[in-house]
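Protein chains in written order, with my numbering: chain C, 1 to 155; chain U, 156 to 310; chain X, 311 to 465.
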């Protein structure tokens with residue numbers, strides 16, 4: 001059978017808990033924040049719902065990608081460099097040759113995403129991790145807004 | 156006038172109903188899941204709110220795209236192949252030549268999205284359908300988490 | 311320290327307020343809708359929560375990008391044209407040479423996103439603006455669904 005729907009699980013839309021996660025990047029590359037999001041969920045005693053992530057920048061992005069083989073992230077960075085190369089005749093050059101490629105990569109990947117939460121845990125797939133993708137060459141301080149929507153507290 | 160805002164419609168944020176949709180893909184290509192999401196909304200007697208979709212994989216993606224002309228999807232697959240070609244000197248080759256391109260396509264398209272729901276129906280545009288995009292060459296079983304947030308049940 | 315989490319702010323998930331924003335585009339390019347979303351939030355007296363945006367089209371997209379230097383948007387359009395060129399042997403040509411590239415750009419950028427709201431204001435980064443990206447050559451009328459989820463009204 002091509003499609004199969006699991007039983008339905010229902011909870012109340014009760015609370016929205018929000019916080020800002022500050023992340024120091026090391027320049028171009030991916031910083032995993034899966035554990036930090038889990039810590040946020042622990043701290044608010046999240047039960048069931050969804051966690052929304054939002055990145056407040058235009059030269060970095062948020063992605064969900066493979067957390068097993070480090071080579072995957074190396075190739076993801078290479079792929080982005082090929083799609084948005086430096087010195088490709090961009091008009092916007094005032095902030096350095098890595099800035100315009102960073103904007104393009106940020107647009108393609110996006111700055112918002114959401115992950116379901118069940119029993120206080122993100123329901124990530126086996127190989128999924130949540131990453132801040134830094135697209136500028138130099139280290140930056142980035143802000144990710146975290147919002148949990150659902151039920152919190154002891155059962 | 157460049158902008159025009161419709162009247163506001165208000166409902167209560169009451170319920171979060173969640174389920175997992177299992178989807179068998181046929182290998183590289185697009186599987187429409189619009190009807191399956193509609194069935195989920197029917198089953199929970201969704202009224203007004205929003206449906207959140209999340210794909211638990213790193214080599215497939217979720218998109219909203221044209222459901223009229225099949226040629227559009229053919230070209231979308233071609234475009235993705237050009238943006239993330241096989242045998243392009245990727246470091247990560249252990250899972251086959253189609254694996255790294257699949258990760259890149261998944262990153263570009265993304266694995267989460269949301270669609271508003273009104274009177275139990277997704278407010279899709281006339282030509283929009285919701286698709287699981289399979290980026291691996293071979294058939295796979297994929298899991299899409301569906302979450303409706305809003306009001307359910309008879310009025 | 312690489313990571314730092316701010317204090318938590320909590321509100322109730324009370325109301326979902328929805329409206330449709332109609333946007334006239336001038337053909338290929340970006341139309342900023344930040345002010346229009348702010349007006350929607352004002353009108354519903356939004357306090358704390360999140361605003362969800364959804365575009366009902368398959369040849370345009372929604373992005374958050376730099377609103378300071380106009381050159382950035384010029385280069386973003388150039389980048390998209392390079393990633394999805396016209397006359398590149400697409401099968402789907404019946405709606406004109408700009409149609410298939412528009413579908414590809416829409417897939418890459420996406421049609422849904424969300425931004426947190428605090429004290430009635432989107433918590434955009436300093437340089438962030440919300441844009442409808444028109445990918446067709448000619449002017450179009452586009453519909454963006456706006457949904458605020460959270461608390462409304464005077465404190």
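For every residue, glycine included, the Cβ atom is placed at its ideal position computed from N, Cα and C.
Since the model is a prediction, treat every value here as computed from it, not as a measurement.
For residue 279 (chain U), the closest C-alpha among the options X:413, X:436, X:421 and X:438 is that of X:421. Taking a C-beta cut-off of 8 Å against chain U, the contacting residues of the segment 7 to 34 of chain C are 7, 8, 9, 10, 11, 12 and 13, listed in chain order.
Per DSSP, reduced to three states, the secondary structure at residue 230 (chain U) is helical.
Taking residue 307 (chain U) as the centre and dropping the five residues before and after it, the same chain places the C-beta of 169, 170, 172, 199, 200, 201 and 202 closer than 8 Å to its C-beta, in chain order. In this structure the segment 337 to 346 of chain X lies against the segment 442 to 460 of chain X, because at least three pairs of beta carbons, one per stretch, are closer than 8 Å. Along the length of the segment 130 to 155 of chain C, whole beta strand (DSSP E) runs at least 3 residues long occupy 141 to 152, reported in chain order. Remark: C-beta atoms of residue 212 (chain U) and residue 71 (chain C) do not approach each other more closely than 8 Å. From the beta-carbon of residue 112 (chain C), the residues of chain X found nearer than 8 Å are 374, 423, 424 and 425.
A distance of 8 Å or more separates the beta carbons of residue 455 (chain X) and residue 252 (chain U). Looking from the CA of residue 8 (chain C), the closest CA among U:180, U:231, U:244 and U:195 belongs to U:195. Against chain U, the CB of residue 346 (chain X) has a partner CB under 8 Å away; the residue lies at that interface. With respect to the 8 Å criterion, residue 305 (chain U) and residue 221 (chain U) are not classified as neighbours on the basis of their beta carbons.
Residue 85 (chain C): not part of any alpha helix (DSSP H); DSSP gives it neither H nor E. Within 8 Å of the CB of residue 434 (chain X), the CB atoms of chain C belong to 56, in sequence order along the chain. Between the alpha carbons of residue 312 (chain X) and residue 207 (chain U) lies a gap of roughly 31 Å. Boundaries of the beta strand (DSSP E) around residue 112 (chain C): 112 to 118. In chain order, 101 place their CB closer than 8 Å to the CB of residue 85 (chain C), counting only its own chain and leaving out the 5 sequence neighbours on each side. Beta-bridge analysis with DSSP links residue 14 (chain C) to no other residue. Comparing alpha-carbon positions, the option among X:329, X:416, X:335 and X:348 lying closest to residue 431 (chain X) turns out to be X:348. Counting the other CB atoms within 10 Å of its CB gives residue 87 (chain C) a total below 16, which places it among the exposed residues. Residue pairing by DSSP places residue 61 (chain C) opposite C:133 in a beta bridge. Cβ-Cβ distances below 8 Å link residue 284 (chain U) to 187, 189, 219, 220, 221 and 222 in the same chain, with the five nearest sequence neighbours on each side left out; the list follows chain order. In the DSSP annotation of this structure, the continuous segment of the alpha helix (DSSP H) that includes residue 37 (chain C) starts and ends at 34 to 43.
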